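Here's the structure we're looking at; comments come further down.
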Amino acid sequence: MEACNCIEPQWPADELLMKYQYISDFFIALAYFSIPLELIYFVKKSAVFPYRWVLVQFGAFIVLCGATHLINLWTFSMHSRTVAIVMTTAKVLTAVVSCATALMLVHIIPDLLSVKTRELFLKNKAAELDREMGLIRTQEETGRHVRMLTHEIRSTLDRHTILKTTLVELGRTLALEECALWMPTRTGLELQLSYTLRQQNPVGYTVPIHLPVINQVFSSNRALKISPNSPVARMRPLAGKHMPGEVVAVRVPLLHLSNFQINDWPELSTKRYALMVLMLPSDSARQWHVHELELVEVVADQVAVALSHAAILEESMRARDLLMEQNIALDLARREAETAIRARNDFLAVMNHEMRTPMHAIIALSSLLQETELTPEQRLMVETILKSSHLLATLINDVLDLSRLEDGSLQLEIATFNLHSVFREVHNLIKPVASVKKLSVSLNLAADLPVQAVGDEKRLMQIVLNVVGNAVKFSKEGSISITAFVAKSESLRDFRAPEFFPAQSDNHFYLRVQVKDSGSGINPQDIPKLFTKFAQTQSLATRNSGGSGLGLAICKRFVNLMEGHIWIESEGPGKGCTAIFIVKLGFAERSNESKLPFVTKVQANHVQTNFPGLKVLVMDDNGVSRSVTKGLLVHLGCDVTTVSSIDEFLHVISQEHKVVFMDVCMPGIDGYELAVRIHEKFTKRHERPVLVALTGNIDKMTKENCMRVGMDGVILKPVSVDKMRSVLSELLEHRVLFEAM
Numbered sequence: 023m024e025a026c027n028c029i030e031p032q033w034p035a036d037e038l039l040m041k042y043q044y045i046s047d048f049f050i051a052l053a054y055f056s057i058p059l060e061l062i063y064f065v066k067k068s069a070v071f072p073y074r075w076v077l078v079q080f081g082a083f084i085v086l087c088g089a090t091h092l093i094n095l096w097t098f099s100m101h102s103r104t105v106a107i108v109m110t111t112a113k114v115l116t117a118v119v120s121c122a123t124a125l126m127l128v129h130i131i132p133d134l135l136s137v138k139t140r141e142l143f144l145k146n147k148a149a150e151l152d153r154e155m156g157l158i159r160t161q162e163e164t165g166r167h168v169r170m171l172t173h174e175i176r177s178t179l180d181r182h183t184i185l186k187t188t189l190v191e192l193g194r195t196l197a198l199e200e201c202a203l204w205m206p207t208r209t210g211l212e213l214q215l216s217y218t219l220r221q222q223n224p225v226g227y228t229v230p231i232h233l234p235v236i237n238q239v240f241s242s243n244r245a246l247k248i249s250p251n252s253p254v255a256r257m258r259p260l261a262g263k264h265m266p267g268e269v270v271a272v273r274v275p276l277l278h279l280s281n282f283q284i285n286d287w288p289e290l291s292t293k294r295y296a297l298m299v300l301m302l303p304s305d306s307a308r309q310w311h312v313h314e315l316e317l318v319e320v321v322a323d324q325v326a327v328a329l330s331h332a333a334i335l336e337e338s339m340r341a342r343d344l345l346m347e348q349n350i351a352l353d354l355a356r357r358e359a360e361t362a363i364r365a366r367n368d369f370l371a372v373m374n375h376e377m378r379t380p381m382h383a384i385i386a387l388s389s390l391l392q393e394t395e396l397t398p399e400q401r402l403m404v405e406t407i408l409k410s411s412h413l414l415a416t417l418i419n420d421v422l423d424l425s426r427l428e429d430g431s432l433q434l435e436i437a438t439f440n441l442h443s444v445f446r447e448v449h450n451l452i453k454p455v456a457s458v459k460k461l462s463v464s465l466n467l468a469a470d471l472p473v474q475a476v477g478d479e480k481r482l483m484q485i486v487l488n489v490v491g492n493a494v495k496f497s498k499e500g501s502i503s504i505t506a507f508v509a510k511s512e513s514l515r516d517f518r519a520p521e522f523f524p525a526q527s528d529n530h531f532y533l534r535v536q537v538k539d540s541g542s543g544i545n546p547q548d549i550p551k552l553f554t555k556f557a558q559t560q561s562l563a564t565r566n567s568g569g570s571g572l573g574l575a576i577c578k579r580f581v582n583l584m585e586g587h588i589w590i591e592s593e594g595p596g597k598g599c600t601a602i603f604i605v606k607l608g609f610a611e612r613s614n615e616s617k618l619p620f621v622t623k624v625q626a627n628h629v630q631t632n633f634p635g636l637k638v639l640v641m642d643d644n645g646v647s648r649s650v651t652k653g654l655l656v657h658l659g660c661d662v663t664t665v666s667s668i669d670e671f672l673h674v675i676s677q678e679h680k681v682v683f684m685d686v687c688m689p690g691i692d693g694y695e696l697a698v699r700i701h702e703k704f705t706k707r708h709e710r711p712v713l714v715a716l717t718g719n720i721d722k723m724t725k726e727n728c729m730r731v732g733m734d735g736v737i738l739k740p741v742s743v744d745k746m747r748s749v750l751s752e753l754l755e756h757r758v759l760f761e762a763m
């Protein structure tokens, strides 16, 4: 029995439950007390946490819960009233704090949920930024490739190099299996395989341009994926390949240069494209990415720009070569024209000098003969010779005038002259010639026609003389009438001359001259040809009178210089002609005497008849001209000495000689240098003789050269007795005379 009493009896079930509760309360209390320590650590480390006071309150609740469980350990056995009070107080506090915490959590939970929402939003934003950064890196990579490709493509302006470089660089950058370029043929109906990367297909293969796949690509400016089995994608043999690589195609605009011109930007045709086809490696899972397609599109645009520059350069080179050829041809033509002009001028100068020398002899000797005792019949013959000689001199002047009109060197010599005398002199000159053909010539001057006018008397006389001379030339019988009057404002405008714009003024008037003949007439369609040089129309040829020569062509130029207009009217063959011209002249009382200071008109009423004892020196290399000039001067009472060379001239000249006539256009003799030497020899003006150039050519350069070397006058051959008398009178009175040609 005592042994049995030593064995400790088993705990009853209730006591076991109490034991477990006791142990659980202990560990619960221990856990509750550890949680505030962790919260304190969290609050200290998380200084930015916005709910510290809530954590403090929660910590108090946990501590109270732990204290309740801890106090509960003393209630499993008999305990005092104090323990019960403490236990009750702890539970009441725990209830209060737990309720307060629950109420606070109702307000805190939405804030915590919004924080969670913001956290999720920030995560999404971060992911989106990561994607954008990836795109930026991809774009930067694409841009780097584009710049690299553009640099390689644009480094040359050779079309073939551009295209080949494009394929090579795209193949290397995108790791392509094949890349090809299809160019349109000349007909525009087919695409021809022109360039390939691997060069495994023969270049020259063509496909129709109106295939659906080609139209689809040409209608879009984007790179499009096409079937590997399409005709333009069959660039690589597919033997042994299970899966062909993806293929894209893009159009390349081409510049159309059919209407290309210098200094004009060419138009870009929207209907002409090349086709670029790119293939990824076969038997691979690789696909085209968006940035790769964008790279292909940008490169296609750059190729189009480079090709346009190359096309413009090629066309510019062709245009430059063409311009160089044209410039060479123009330069050659210019040199030939200058040579021809120089030859013409040299010929005219020589012919002018050589023709005026005999004319000088004829007119001078005829004028000398005219002043001798002659029978009426002989005097008529001499007068006819003189008039014919003057007409021949006029023809020589016409040739020279036309030459100077063509090169623009002819200028009008403006001075006051007797307008009525011009028409009477023309009438007197033409009347003997017309009488031979039994033509009557009438002159009608209007009552309101001014007697004095300001203009170029010599050119006006040439115009009237040429027009009247043509009327005489082409008339076999009948009459010729010359009518002159002041043109009214309503009759100035002529529909046949739209470029003629007369302007009325108080200082000038328009002279209208009409020359009507009863000749054979002319076809109206042939009238414009009359004003061309040496015109030969059919109606003129039927007259057996030859062409119109230079007369009307020169008349038209002179009329244009005088701001006028000339035309011819005829109703047809056999009905005669009327030549009409209008020229602008000034009123004598309202204008200056002369607009050219170096031109002096010789007035007949101041002419001295003879010059007895006047010592004159004549230098001329032509013996006939020298003798004729001496004869004229001797006839006027002068004491004349003649020489033919510079040495003889310098040896003979002295202060006794008052006037010196010298030909400045003698071959091998520089008359201008001789004039300078005379000025050096006679430094005082009253000791130096009057130097006069007696020449066959008075152009602008001759006058300027004579004035430059200090000569006192220029006289044009031929010279008659009356002209020499007027020249000497003017020289002795004014010591200067520059004659107009």
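Residue numbering for the sequence shown is 23 to 763, as defined by our numbering.
Idealized CB from N, CA, C, for every residue including glycine.
It should be emphasised that the depicted structure is a prediction, and the values quoted were computed from it without experimental measurement.
Asked                                                                                                                                                                                                  : Found
Based on the DSSP output, what are the partners of VAL105 in its beta bridges?                                                                                                                         : DSSP lists no partner for VAL105.
Which residue from VAL605, SER102, THR379, VAL712 puts its Cα closest to that of PHE522?                                                                                                               : VAL605
Around the C-beta of SER457, are 16 or more other C-beta atoms found within 10 angstroms, so that it is buried, or is it exposed?                                                                      : exposed
Please classify ARG308: does DSSP put it in a helix, a strand, or coil?                                                                                                                                : coil
Classify PHE369 as buried or exposed, calling it buried when 16 or more other Cβ atoms lie within 10 Å of its own Cβ.                                                                                  : exposed
Going by the CB atoms, is the gap between THR218 and ALA202 shorter than 7 angstroms?                                                                                                                  : yes
Would you check if the distance between the CB atom of GLY645 and the CB atom of LYS597 is smaller than 7 angstroms?                                                                                   : no
Just curious, the alpha helix (DSSP H) that LYS703 is in, first and last residue?                                                                                                                      : 693-703
With 16 as the cutoff for other CB atoms within 10 Å, does THR116 come out buried or exposed?                                                                                                          : buried
Along the beta strand (DSSP E) that carries SER503, what are the first and last residues, could you check?                                                                                             : 501-508
If you measure between the beta carbons of LEU636 and PHE683, is that distance less than 7 angstroms?                                                                                                  : no
Starting from the C-beta of ALA112, find all residues in its chain whose C-beta is less than 7 angstroms away, skip the five residues before and the five after it, and write them out in chain order. : LEU86, ALA89, THR90, ILE93
If you draw a straight line from the C-alpha of ALA697 to the C-alpha of GLY732, how long is it?                                                                                                       : 7 angstroms
When the Cα atoms are used, what is the spatial distance from ASN632 to ARG747?                                                                                                                        : 7 angstroms
Less than 8 angstroms between the CB atoms is what I'm expecting for GLN536 and ILE436, so what's the real figure, rounded?                                                                            : With a Cβ gap of about 25 angstroms, GLN536 and ILE436 do not count as contacting.
So GLY500 packs on SER540, CB below 8 angstroms; how close in whole Å?                                                                                                                                 : 3 angstroms
Nearest-angstrom Cα distance between THR724 and ASN367?                                                                                                                                                : 14 angstroms
Whose C-beta lies closer than 6 angstroms to the C-beta of ARG181 among residues of the same chain, with five residues either side of it excluded?                                                     : ALA332
Closer than 8 angstroms by C-beta to GLU447: which residues in its own chain qualify, once you throw out the five before and the five after it? Chain order, please.                                   : MET483
Quick check: what's the CA-CA separation for LEU791 versus LEU639?                                                                                                                                     : Here the chain comprises residues numbered 23 to 763, so residue 791 is not present and cannot be evaluated.
Closer than 8 angstroms by C-beta to ALA25: which residues in its own chain qualify, once you throw out the five before and the five after it? Chain order, please.                                    : Only weak support exists for where ALA25 lies, its pLDDT of 44 falling under 50; the value from the coordinates is given anyway. Excluding positions up to five away in sequence, the list is empty.
Examine the Cβ distances between the region 733-743 and the region 375-394 and report whether three or more of them are shorter than 8 angstroms.                                                      : yes
Label GLY81 either buried or exposed according to how many other C-beta atoms from any shown protein chain fall within 10 Å of its C-beta, with 16 as the threshold for buried.                        : buried
Let me know if ARG534 comes out buried or exposed under the rule of 16 or more other beta-carbons within 10 Å of its beta-carbon.                                                                      : buried
Can you look up GLU150 in the DSSP assignment and give me helix, strand or coil?                                                                                                                       : helix
Quick test of the definition: if touching needs 3 or more C-beta pairs under 8 angstroms, does the region 265-279 touch the region 294-311?                                                            : yes
Looking at C-beta atoms only, is the number of pairs between the region 407-415 and the region 668-679 that lie closer than 8 angstroms three or more?                                                 : no
Could you tell me the distance, in whole angstroms, from the CA atom of THR209 to the CA atom of PRO234?                                                                                               : 19 angstroms
Who are the near neighbours of ARG194 in its chain, counting only those whose CB is closer than 6 angstroms to its CB and skipping five residues on each side?                                         : none
Which parts of the region 293-353 are runs of the beta strand (DSSP E), unbroken and 3 residues or longer, counting only runs that do not cross its ends?                                              : 295-301
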